[in-house]
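Just so we're on the same page, my numbering is the position in the sequence shown counted from 1, plus 3.
Take a look at the structure below.
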Amino acid sequence: MKHAILSPLTLLKNSMYTRLFSMNFLLVLFLFATTPLSAVLPNFTTKNITFSSEGISLSGTIFKPQNAYAAVVIVHGSGQEKRMTEFATLLANNGIAVLTYDKRGVGESEGVYAGPEVGTNNVDASNLNLLSLDASAAVNTLSKDLQNNKIQIGLIGASQAGWIIPLAAKKNKKVKFMTIFSGALITAKQQLRFQFYTNGNSNFWATHTEDDARMHTMTDPDRYEFTDTDPCTTLAEISIPGLWIFGSKDIQVPVNLSIEHLNTLKSGNKQYEYKLYPALGHNTAFSNSSEPIDYAIKWIANRKLSK
4 MKHAILSPLT LLKNSMYTRL FSMNFLLVLF LFATTPLSAV LPNFTTKNIT FSSEGISLSG
64 TIFKPQNAYA AVVIVHGSGQ EKRMTEFATL LANNGIAVLT YDKRGVGESE GVYAGPEVGT
124 NNVDASNLNL LSLDASAAVN TLSKDLQNNK IQIGLIGASQ AGWIIPLAAK KNKKVKFMTI
184 FSGALITAKQ QLRFQFYTNG NSNFWATHTE DDARMHTMTD PDRYEFTDTD PCTTLAEISI
244 PGLWIFGSKD IQVPVNLSIE HLNTLKSGNK QYEYKLYPAL GHNTAFSNSS EPIDYAIKWI
304 ANRKLSK
């Protein structure tokens, strides 16, 4: 609280000031005592950096806790996304080093953003591959900055990142784990069919069945033509642990179908896990509930304990 500057004469005339000051001082002490220490004194440092990827310069920030036990690169979804500083702050306050960067063509990063968010250029295999190369370059940059081979580096992201992260992990052996929120385990064309069928209707699952949605996902005509991507092909070729977090009310990703594909991969001795939240939709990472993020952080921490 900011106080007005009072003259000595005013102080003498206003006997209430002393009592008011005492009350405010006690209030400050109370707020300090009830505020998490991490919110008052962050236990991490930040450093703005640039790094090269496929002929352009990408701009980002490294968050480095004092005693980091793991590290992640945040991979973007389909939008024109800048570096995710709030998410990075949360992770860093939980002992996870982070590199978050502006997507190519966005913010301070060079290059061209392949839009629109839902359409041909954005989900074409060539663009997803390019974005995975950016993520791989970010991993190399974070690894060099940490200078600690004992700290495992993973990839974390939501939505479209579910296609990009496996591609980046296949390219870069420094990637030791992946955490994906609401990422589809179906092809890009199938995902768009489902998304067009649900049409943004938040009450979709109250009026449609799983069989109905699945039929349209598999058989509806495609509105766009582009080179498709099947994440399961890549996921079958890599051997790192992975966690997927889903919301049952998702109207952008067919969750049950994705889980079926994930279970098929798990039957092939893949170290893949998932957590399903029945009350949540597509935005599992940044919903009103902190449970998905908390679960992901604990999963990453348990990886350290199980090494």
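C-beta atoms are modelled at their ideal positions from N, C-alpha and C, and glycine is treated no differently.
The three-state reading of DSSP puts V109 in coil, since its state is none of H, G, I, E or B.
Residue range F47 to S56 is occupied by the beta strand (DSSP E) that includes N51. Y227 has its alpha-carbon roughly 7 angstroms from the corresponding atom of G122. Minimum Cα-Cα distance from D127 among the listed residues N51, S185, A138 and A191 corresponds to A191. Nearest Cα to Y104 within the set E120, Q83, G98 and L93: Q83. Of the candidates R107, A100, N97 and S81, R107 places its Cα closest to the Cα of S55. The closest CA to that of A161, considering only M87, I243 and L61, is found on M87.
In the DSSP assignment, T210 is bridged to no other residue. The stretch 151–161 and the stretch 175–191 touch, with no fewer than 3 CB-CB distances between them shorter than 8 angstroms.
In the three-state reduction of the DSSP assignment, S261 falls in the helix class.
Taking N130 as the centre and dropping the five residues before and after it, the same chain places the C-beta of A117 and N124 closer than 7 angstroms to its C-beta, in chain order. Secondary structure at V101: strand, using DSSP grouped into helix, strand and coil. Unbroken beta strand (DSSP E) runs of no fewer than 3 residues, entirely contained in the stretch 252–302, are found at 275–280, following chain order. In the structure shown, the three-state DSSP call for L188 is coil.
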